[in-house]
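The block underneath contains the structure these notes are about, expressed in structure tokens.
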């Protein structure tokens, strides 16, 4: 696929995440997805593992909004930067938060097969998830 098509796939991925269109979201991911995130002890492998991560995300950040900043690519590789705004519970109270994200995507055969996601939580501790 062309770089332009791969950029469109990543755009669709972010749009589906914000819209919580999980059917569309998972259609854009390959069965053998490998997902890397600094809060994880090791990458998650496969759609089932990623689905568990997403269930936590969807519950904790129910009012998630994505504002794309820029993206660029070359061949199978796409880099995207975005801001997300949401609210999180701290000491039993909801408060607004904003995060800066950068994702490095590898797109193969029209689906995202690798995703390295980095987040600047700027003063918000990165929670460590137990190993699954």
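Residue numbers (my numbering): 2 to 133.
From the three backbone atoms N, C-alpha and C, an ideal C-beta is built for every residue, glycine too.
As the structure is a prediction and not an experimental result, all values here were calculated from the model.
Secondary structure of residue i, DSSP reduced to three states
i           : result
residue 5   : helix
residue 17  : helix
residue 36  : strand
residue 55  : helix
residue 72  : strand
residue 26  : helix
residue 81  : strand
residue 131 : Confidence is the limiting factor: at residue 131 the pLDDT is only 45, short of 50, which leaves the residue's position unreliable, though a coordinate-based value still follows. Coil at residue 131, not helix or strand.
Cutoff 8 Å; reference residue i; Cβ partners in own chain excluding five residues on either side
i          : result
residue 80 : 72, 73, 74, 103, 104, 105 and 106
residue 60 : none
Sequence-distant residues of the same chain with beta carbon closer than 6 Å to residue i, five excluded per side
i           : result
residue 133 : Caution applies to residue 133, whose pLDDT of 46 falls short of 50 and renders its modelled position unreliable; the model cannot decide the point.
Expected contact under 8 Å - CB spacing of residue i and residue j to nearest Å
i           : j           : result
residue 85  : residue 115 : Not confirmed; about 21 Å, so no contact.
residue 108 : residue 7   : 4 Å
Counterpart residues of residue i in DSSP-defined beta bridges
i           : result
residue 119 : 103
Under 8 Å between C-beta atoms of residue i and residue j
i          : j          : result
residue 36 : residue 45 : yes
residue 29 : residue 48 : no
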